[in-house]
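Report on the following structure.
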Ligand SMILES: Cc1cc2nc3c(=O)[nH]c(=O)nc-3n(C[C@H](O)[C@H](O)[C@H](O)COP(=O)(O)OP(=O)(O)OC[C@H]3O[C@@H](n4cnc5c(N)ncnc54)[C@H](O)[C@@H]3O)c2cc1C
């Protein structure tokens, strides 16, 4: 039985541990955080990620805690529909094409799948070294962990990636994001549909969650790491969006007093490699993407399944990691690039450009959206 070290206990690291353990590997997760906090807002998992959940046998545990939506709409600030994605007719054969859940709840559900002592908290990895047949992870508390291979699932700022490719740095997309979860929904709210509203003041996402809650996100163009934005409250944001269509101002009004999570939006310019001998990069460590397609975690979940299957099929770790890279590089590169471009369009501010964009989006034939969905959903997961 191979002992596999996983650095990072995010969605990607936990799914990888689950998938590897199901294949009979001894997978151990080392996570920097000293304890789990109920952090995060909502998350949308698309059909491709939900298919992996089904393959892992997790669907029965996860589905009751989230919500399957019928539709995702992109609208302009007047409330006109620019595009529909994830419509039910594309959903044939899929468990759920748009599933929403609170991140903290998803994380807890994933953790529950792992036996005790699989995840070690308070373990800040500082790097690794290869020693003969083994790889050893080094931690800031002076301890080490040795296994036959190492999976880096330590996110966009991955220390493992920095050791392997020091020149890679996350890039700022030019916009910043606030997120929160609101208890309650305004009267007249359609809780079967997620919406993203694009307008000259910025972008607002409203995503129904189970339990009469809403996951709200707001993206605005801003300089990188503008400290003033950290103190923004929902009331400050409402000033920008009061002229937007129903239910944007109403939902923002309900967010008064809610704690906002604030992040600049960053990604990684696509890499040309994920496999480095007995070390492999996965999830955001390998292909962090802007959230415009809602695919970052979905891709980390796909990685988990494909990686476990490669390690099961190929006796040699280096070969398994090479095969993983071959299967994952082109797909994740396309998603990172497409998502970056969508972000550029979504964040247009000048009225004439917004008007032109909106007009063009309304003209795009349904089959173009359908092709994109087919690319996302009809992923080949078998190895
Ligand atoms: C605003 C926003 C909205 C998003 N919405 C969606 C969405 O709707 N759907 C979707 O699919 N994706 C979404 N994403 C993307 C998604 O959040 C990420 O792609 C996903 O969380 C990546 O998972 P990961 O496990 O690879 O990395 P992470 O979630 O970053 O996890 C990495 C883990 O490694 C740990 N770690 C870091 N450094 C070390 C170290 N040195 N030693 C040990 N541990 C370490 C961290 O503490 C963390 O727990 C969104 C992202 C943003 C910013």
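In the numbering used here, the protein residues as written are 5 to 387. For each residue, glycine too, the CB sits at the ideal point set by N, CA and C.
In the DSSP assignment, the alpha helix (DSSP H) including residue i goes from what residue to what residue?
i	result
residue 103	It is not in any alpha helix (DSSP H) - residue 103 instead sits in the beta strand (DSSP E) that spans 102-106.
residue 343	321-350
residue 53	51-59
residue 168	163-168
residue 239	238-245
For a test of the three-state rule: what should DSSP assign to residue i, helix, strand or coil?
i	result
residue 17	helix
residue 295	helix
residue 94	Annotation note: pLDDT 49 at residue 94 (below 50); position unreliable, coordinate value reported separately. Helix at residue 94.
residue 225	strand
residue 313	helix
residue 275	coil
residue 257	helix
residue 368	coil
residue 389	The requested residue 389 is not part of the displayed model; the chain covers only 5 to 387.
residue 28	coil
residue 356	helix
residue 64	helix
residue 304	helix
residue 284	strand
residue 145	coil
Between residue i and residue j, what straight-line distance do the alpha-carbon atoms span, to the nearest angstrom?
i	j	result
residue 366	residue 78	10 angstroms
residue 205	residue 65	40 angstroms
residue 17	residue 276	21 angstroms
residue 50	residue 345	20 angstroms
residue 217	residue 187	5 angstroms
residue 372	residue 120	47 angstroms
residue 151	residue 9	6 angstroms
residue 82	residue 357	16 angstroms
residue 15	residue 301	7 angstroms
For the beta strand (DSSP E) containing residue i, list its first residue and its last residue.
i	result
residue 79	75-80
residue 178	175-187
residue 127	First-last for residue 127: undefined, no H or E at that position.
residue 388	Outside the displayed span of the chain (5 to 387) sits residue 388, for which this structure offers no information.
Could you tell me which of the options sits nearest to residue i, measuring between CA atoms?
i	options	result
residue 211	197, 223 and 222	197
residue 140	220, 76, 11 and 238	11
residue 135	351, 283 and 332	283
residue 285	67, 322 and 178	322
residue 331	313, 44, 292 and 125	313
residue 247	6, 201, 156 and 114	201
residue 307	173, 334 and 73	334
residue 39	126, 324 and 373	126
residue 172	147, 88, 149 and 292	292
residue 227	166, 175 and 379	175
residue 131	122, 385 and 144	144
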